[in-house]
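All remarks here apply to the structure that follows.
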Amino acid sequence: MSNLIAIAYPDMSTAQQVAANLNEARKGHLVELDDLVLVEHRDNGKIKLHQPSMASTGALGGAAWGGLIGLLFLVPFFGMAIGAATGAAAGAMSDVGVDDNFMKELGENLQPGNVALVALVRNANMEKLLADVKIPGTIIHSSLDEESETALAEALAKAGSSAP
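Given below as structure tokens:
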């Protein structure tokens, strides 16, 4: 089962940095994400959802498998191309994640200019992730258990202080 976590940040560049940090944690196998979206409440009052493409992840995995299969049949580049295309198509076709209507409602409750990072987390090494939190934020929604949510809130609060 996945946990839904939404954290508010003061601006888009801060939220994008946190998203990049989460992506690095994903690459390091510290977290498995089902979805990651930035919900922006623009100064003009409009809500904009920024969703990173999951197709690139599918294409990369597909290319690796396609290359391996291609090597078996002595046509590695053709296999990689077919695998990448299949992986990208599968990634684009699967709309797994947080409901867009929920995210728009969440965005309506943000102050203009603020951005919420919404993550659907399947699995995480909380101890290592919390130790790596460097950017402060405010939890605005969570399906975490009380203990995990408190630990996350404390890590987000400590990230803003200069004390060791």
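Per the working numbering, the sequence shown starts with residue 1423, numbered consecutively. Where is the CB? At the ideal position from N, CA and C, for every residue including glycine. Values in this document were obtained by computation on a predicted structure and should not be read as measured data.
With distances taken between CB atoms, is the gap from residue i to residue j smaller than 8 angstroms?
i     : j     : result
L1574 : I1561 : yes
L1532 : H1472 : no
V1459 : I1469 : no
L1551 : L1455 : no
G1467 : P1534 : yes
V1520 : D1457 : yes
N1425 : S1565 : yes
Buried or exposed: where does residue i fall if 16 or more other Cβ atoms within 10 Å of its Cβ makes it buried?
i     : result
N1523 : exposed
N1536 : buried
A1442 : exposed
M1525 : buried
Compute the beta-carbon to beta-carbon distance between residue i and residue j, rounded to the nearest angstrom, for a pair I have assumed lies under 8 angstroms.
i     : j     : result
L1528 : G1559 : L1528 to G1559, Cβ: 14 angstroms. No contact.
Worksheet item: Any contact of the stretch 1532-1543 with the stretch 1426-1446, i.e. 3+ C-beta pairs under 8 angstroms?
Response: yes
Discussion item. What ranges does the beta strand (DSSP E) occupy inside the stretch 1537-1578, keeping only unbroken runs of at least 3 residues that lie completely in it?
Written reply: 1537-1546, 1560-1564
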